[in-house]
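There are 2 protein chains.
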Amino acid sequence: MQFRYEELAAFIAALVEGGTLLPGTRVPSLREISDQRKVSVTTALQAYRLLEDRGVIESRPQSGFYVARSGPISLGVPSVTNPPAKATGVAVSDLVEKLLEHASNPRLIPLGCAVPDPKLLAAVRLDKILARIARQKGSEYNVYTFPKGDARLRREIAKRSSRWGQVLSPDDLVITVGCTEALMLALKSVARAGDTIAVESPTYFGLLQAIEALDLKALELPTDPATGIDLNVLAKTLKTTNVKACLLSSSFNNPLGCTVPEEKKRAILDLLARHDVPLIEDDIYGDIYFGDRRPKPYIALDRRGNTIYCSSFSKTIAPGYRVGWIVPSRYREKILAAKFAHTLCGAALPQAALAEFLATSGYENHLRRIRRMFKDNVEWMTRAIDRSFPVGTKVSRPAGGFVLWVELPKPLRSRDLFDRALKKGICFAPGDVFSASARYANCLRLSCGYGWSDSIEKGIETLGALARAALAR
Amino acid sequence: MQFRYEELAAFIAALVEGGTLLPGTRVPSLREISDQRKVSVTTALQAYRLLEDRGVIESRPQSGFYVARSGPISLGVPSVTNPPAKATGVAVSDLVEKLLEHASNPRLIPLGCAVPDPKLLAAVRLDKILARIARQKGSEYNVYTFPKGDARLRREIAKRSSRWGQVLSPDDLVITVGCTEALMLALKSVARAGDTIAVESPTYFGLLQAIEALDLKALELPTDPATGIDLNVLAKTLKTTNVKACLLSSSFNNPLGCTVPEEKKRAILDLLARHDVPLIEDDIYGDIYFGDRRPKPYIALDRRGNTIYCSSFSKTIAPGYRVGWIVPSRYREKILAAKFAHTLCGAALPQAALAEFLATSGYENHLRRIRRMFKDNVEWMTRAIDRSFPVGTKVSRPAGGFVLWVELPKPLRSRDLFDRALKKGICFAPGDVFSASARYANCLRLSCGYGWSDSIEKGIETLGALARAALAR
Numbered sequence: 016m017q018f019r020y021e022e023l024a025a026f027i028a029a030l031v032e033g034g035t036l037l038p039g040t041r042v043p044s045l046r047e048i049s050d051q052r053k054v055s056v057t058t059a060l061q062a063y064r065l066l067e068d069r070g071v072i073e074s075r076p077q078s079g080f081y082v083a084r085s086g087p088i089s090l091g092v093p094s095v096t097n098p099p100a101k102a103t104g105v106a107v108s109d110l111v112e113k114l115l116e117h118a119s120n121p122r123l124i125p126l127g128c129a130v131p132d133p134k135l136l137a138a139v140r141l142d143k144i145l146a147r148i149a150r151q152k153g154s155e156y157n158v159y160t161f162p163k164g165d166a167r168l169r170r171e172i173a174k175r176s177s178r179w180g181q182v183l184s185p186d187d188l189v190i191t192v193g194c195t196e197a198l199m200l201a202l203k204s205v206a207r208a209g210d211t212i213a214v215e216s217p218t219y220f221g222l223l224q225a226i227e228a229l230d231l232k233a234l235e236l237p238t239d240p241a242t243g244i245d246l247n248v249l250a251k252t253l254k255t256t257n258v259k260a261c262l263l264s265s266s267f268n269n270p271l272g273c274t275v276p277e278e279k280k281r282a283i284l285d286l287l288a289r290h291d292v293p294l295i296e297d298d299i300y301g302d303i304y305f306g307d308r309r310p311k312p313y314i315a316l317d318r319r320g321n322t323i324y325c326s327s328f329s330k331t332i333a334p335g336y337r338v339g340w341i342v343p344s345r346y347r348e349k350i351l352a353a354k355f356a357h358t359l360c361g362a363a364l365p366q367a368a369l370a371e372f373l374a375t376s377g378y379e380n381h382l383r384r385i386r387r388m389f390k391d392n393v394e395w396m397t398r399a400i401d402r403s404f405p406v407g408t409k410v411s412r413p414a415g416g417f418v419l420w421v422e423l424p425k426p427l428r429s430r431d432l433f434d435r436a437l438k439k440g441i442c443f444a445p446g447d448v449f450s451a452s453a454r455y456a457n458c459l460r461l462s463c464g465y466g467w468s469d470s471i472e473k474g475i476e477t478l479g480a481l482a483r484a485a486l487a488r
Numbered sequence: 016m017q018f019r020y021e022e023l024a025a026f027i028a029a030l031v032e033g034g035t036l037l038p039g040t041r042v043p044s045l046r047e048i049s050d051q052r053k054v055s056v057t058t059a060l061q062a063y064r065l066l067e068d069r070g071v072i073e074s075r076p077q078s079g080f081y082v083a084r085s086g087p088i089s090l091g092v093p094s095v096t097n098p099p100a101k102a103t104g105v106a107v108s109d110l111v112e113k114l115l116e117h118a119s120n121p122r123l124i125p126l127g128c129a130v131p132d133p134k135l136l137a138a139v140r141l142d143k144i145l146a147r148i149a150r151q152k153g154s155e156y157n158v159y160t161f162p163k164g165d166a167r168l169r170r171e172i173a174k175r176s177s178r179w180g181q182v183l184s185p186d187d188l189v190i191t192v193g194c195t196e197a198l199m200l201a202l203k204s205v206a207r208a209g210d211t212i213a214v215e216s217p218t219y220f221g222l223l224q225a226i227e228a229l230d231l232k233a234l235e236l237p238t239d240p241a242t243g244i245d246l247n248v249l250a251k252t253l254k255t256t257n258v259k260a261c262l263l264s265s266s267f268n269n270p271l272g273c274t275v276p277e278e279k280k281r282a283i284l285d286l287l288a289r290h291d292v293p294l295i296e297d298d299i300y301g302d303i304y305f306g307d308r309r310p311k312p313y314i315a316l317d318r319r320g321n322t323i324y325c326s327s328f329s330k331t332i333a334p335g336y337r338v339g340w341i342v343p344s345r346y347r348e349k350i351l352a353a354k355f356a357h358t359l360c361g362a363a364l365p366q367a368a369l370a371e372f373l374a375t376s377g378y379e380n381h382l383r384r385i386r387r388m389f390k391d392n393v394e395w396m397t398r399a400i401d402r403s404f405p406v407g408t409k410v411s412r413p414a415g416g417f418v419l420w421v422e423l424p425k426p427l428r429s430r431d432l433f434d435r436a437l438k439k440g441i442c443f444a445p446g447d448v449f450s451a452s453a454r455y456a457n458c459l460r461l462s463c464g465y466g467w468s469d470s471i472e473k474g475i476e477t478l479g480a481l482a483r484a485a486l487a488r
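Going down the list, the protein sequences come from chains A and B.
Numbers 16 to 488, taken from our numbering, label the letters of the first sequence in order.
Numbers 16 to 488, taken from our numbering, label the letters of the second sequence in order.
Right under this line is the structure:
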């Protein structure tokens, strides 16, 4: 026997299969279909959810249900990168400053900055908690939280660590001003001016800026958009070059979005341990996985204590709170001293509010919600690129996070496109800021952090048109 | 003709002069005196305020009015310091960590940490503003505030700058994570590993930790507890040593409390400019002056743009908010890039709340109130030391701020006293953390940041007794 909603689902599915409803077109609204088929709106919703789970239709916020564009995506995938095999000084600050100036402009279509839309976050609940603590216990928190940061927040993070395969105690953690400070402290504790740090290529420009600020050199490793750095090249590099540390993303790196298989992670750890090179890992996107399981970070696979772990809440709930953390492992003394020297400690009330939120307010449910949302955004943006960009464009296929790496057909230069796009009110991140060696001039990064909307869809179409026009010239 | 309150004041003053009421004893309460002399409580209060203004009596919070101990203080003043005339590597982190571990323990009598008592601050109003903004506009502030920090806060700080003799525009400022980050960014932008920085001696241990964290060397300058560094020695030093920057407190330095006369500030600026050595100034105590006028910071006297200015709200209203600022002057590019690499930006809501507080909530009145309070605390603590500590003890006479520098008769060592004091539930800062060359073993710093109370008075008496006992051995 079939339930009413299953009957309705089968009816719609048949219309799609038979070509009556075409991919990308709107499905009748819940009210329309419930009128037409004499079922309750609840039953109609159940049917649509079932179809959605089966990938037959998809919902778009504020817009209704659409037949899934289930056709194969014709875009190619970027090839493994091939940066120069030598350490180089870094000078990306000027380029980055120019990007950030625009990326924080709220009047532009926000494809430039890898931040989540504040409206998508659970921040209303979090802000209410902050408000309550500020009113009721403000003076209790008008103090310095040194040396390691709010004790309750460290307890809550330690509790969560079992979810990513670690068993941490609150004392293993130091709260930082976002992941940025965590990475800076980690780099400072393992390297001195002139030393070489091995990184993915392309890599997050903030890492390059940290390397630049510390007068270090970056050695960019060839990186597969699917599976991360090239193990053989790393092995060769460690034999020939004095690498002070390896700085890698744990999962869904920014901008490529790669997922390093667990076995490969173990092999990288073995290799680094053999050469006594510490690993600094950036797990800021780890909680935003699209698959069934959270990928384990390196530190959970490292039995030698050779990994410094960095993360934050900036991508999942509160970029404005600036709360991150570091697991300093065997660099505890150095990192604590550097933390004190750099910022003493972070703001107390935001830490207290996050602790309360983690303890009471359904962070897991929130994560489930935004994972689904970012996954949909990534899918829709990929399809929009597929429809709009020049033939030959390649796009990454991240299994988590919310950025896409786009490789334009040469000789297109994303820096030229950047200036033209700004004039049309669109911001994105040109590829050159992700390299220490001025590579990726024909690439760009698009953020899918904002809820899918007509304006974003049109933004992508405009970008595609600009690229096609430039190519035709 | 005399008003009733003037008559009453004259009556009490006569009792004091005649020796009926002895220094340090309690004056009749307002209720008692209004009953006895048949005046209203308001009139009695007017009379007591008049006597207080004339220095005849003094009020103690929660305790009533006392005859002022108007006798001269017998304590000597610490002599000009005499550190070694050479640059030295810095390694104070371990000592400082041990201090901070105890200094943040709320069960100890809080003489260790130079923070104001949260209860003395206007933080209730500030916290209410934070709560309101979080509830009403939380998502608006759940963003990064790069590159320079909250625009309205920068406007409000720029407005205030005229009070210290500057005319700044909001664009001249960068918001930092407390003064700590400001000083770190300043040091980073002028010096590289191995370079030498000239500092006061003794100086704030946080500066020494920053110097240590950056692998710089400290050159400690002889410093007069009244008027600051020795100009002649600075002149000689600049001729013989490659000093990359001079890092000085603008006013009431921590721990000595010196006040550098304006003419001397100009002379220091001239000298540094002649040698092309930038000045980094730390003006964190500038608003807490006991005299009639706020001392001008160096930057207000510097017509050459050779000064980097650092300050914060941590000593005046909100240590827990971690909001400071820097005026990078001609190091703008470097400091902005370093800020981005270090922490990206600070928490948004605390910045927004401070901006609103500065614009609307009587910060000037608040400052007037805490200036008076800290001045009283410093006076009472000085007198308590005078009563309790061994003969030969010397104490600084700061004209602002809220710390006292105590020089014990040799061979007393404050580190031994520290351990014994902890056992009695008292924390202070031993002298050795204020020097790069292990000096000041017989000195200590006492914080007067907490409201005067019996427990603090007894804490000082216990410290004095411990010191006397150690000396007798």
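Each residue gets a CB set at the ideal place from its N, CA and C atoms; glycine is no exception.
Since residue i and residue j are thought to touch, with beta carbons under 8 Å apart, how far apart are those beta carbons, to the nearest angstrom?
i, j, result
"residue 330 of chain B", "residue 303 of chain B", "6 Å"
"residue 452 of chain B", "residue 112 of chain B", "That belief does not hold up - the Cβ atoms of residue 452 of chain B and residue 112 of chain B are roughly 19 Å apart, past 8 Å."
"residue 418 of chain B", "residue 269 of chain B", "6 Å"
"residue 437 of chain A", "residue 482 of chain A", "Going by Cβ atoms, the distance from residue 437 of chain A to residue 482 of chain A rounds to 15 Å, so no, they are not a contact pair."
"residue 344 of chain B", "residue 358 of chain B", "Going by Cβ atoms, the distance from residue 344 of chain B to residue 358 of chain B rounds to 21 Å, so no, they are not a contact pair."
"residue 349 of chain A", "residue 470 of chain A", "About 47 Å; that fails the 8 Å criterion."
Determine, using beta carbons only, whether residue i comes closer than 8 Å to chain A.
i, result
"residue 196 of chain B", "yes"
"residue 449 of chain B", "no"
"residue 328 of chain B", "no"
"residue 306 of chain B", "no"
"residue 34 of chain B", "no"
Could you check whether the Cβ of residue i sits closer than 8 Å to any Cβ belonging to chain B?
i, result
"residue 358 of chain A", "yes"
"residue 127 of chain A", "no"
"residue 104 of chain A", "no"
"residue 224 of chain A", "yes"
"residue 531 of chain A", "In the structure as shown, chain A begins at 16 and stops at 488. Residue 531 of chain A is therefore absent and cannot be evaluated."
"residue 206 of chain A", "no"
"residue 150 of chain A", "yes"
"residue 193 of chain A", "yes"
"residue 337 of chain A", "yes"
"residue 139 of chain A", "yes"
"residue 219 of chain A", "no"
"residue 479 of chain A", "no"
For a test of your reading of the model: does the CB of residue i fall under 7 Å from any non-hydrogen atom of the ligand SAM? Yes or no.
i, result
"residue 218 of chain B", "The model on display carries no ligand, and the ligand SAM is accordingly not part of it."
Could you give the distance in angstroms between the alpha-carbon of residue i and the alpha-carbon of residue j?
i, j, result
"residue 157 of chain B", "residue 307 of chain B", "42 Å"
"residue 154 of chain B", "residue 40 of chain A", "33 Å"
"residue 430 of chain A", "residue 456 of chain A", "7 Å"
"residue 228 of chain B", "residue 486 of chain B", "37 Å"
"residue 285 of chain B", "residue 232 of chain B", "24 Å"
"residue 372 of chain B", "residue 184 of chain B", "19 Å"
"residue 210 of chain B", "residue 104 of chain B", "10 Å"
"residue 175 of chain A", "residue 174 of chain B", "45 Å"
"residue 477 of chain B", "residue 407 of chain B", "17 Å"
"residue 293 of chain B", "residue 313 of chain B", "11 Å"
"residue 439 of chain A", "residue 29 of chain A", "42 Å"
"residue 59 of chain B", "residue 328 of chain B", "37 Å"
Going by DSSP, which residues form a beta bridge with residue i?
i, result
"residue 212 of chain A", "A/233, A/260"
Which complete beta strand (DSSP E) runs does the region 296–365 of chain B hold, if anything under 3 residues is left out?
Counting only runs of 3 or more, we get 322–327, 339–342.
Enumerated in chain order, which unbroken segments of the alpha helix (DSSP H) with a length of 4 residues or greater are wholly contained in the region 40–116 of chain B?
The qualifying runs are 45–52, 56–68.
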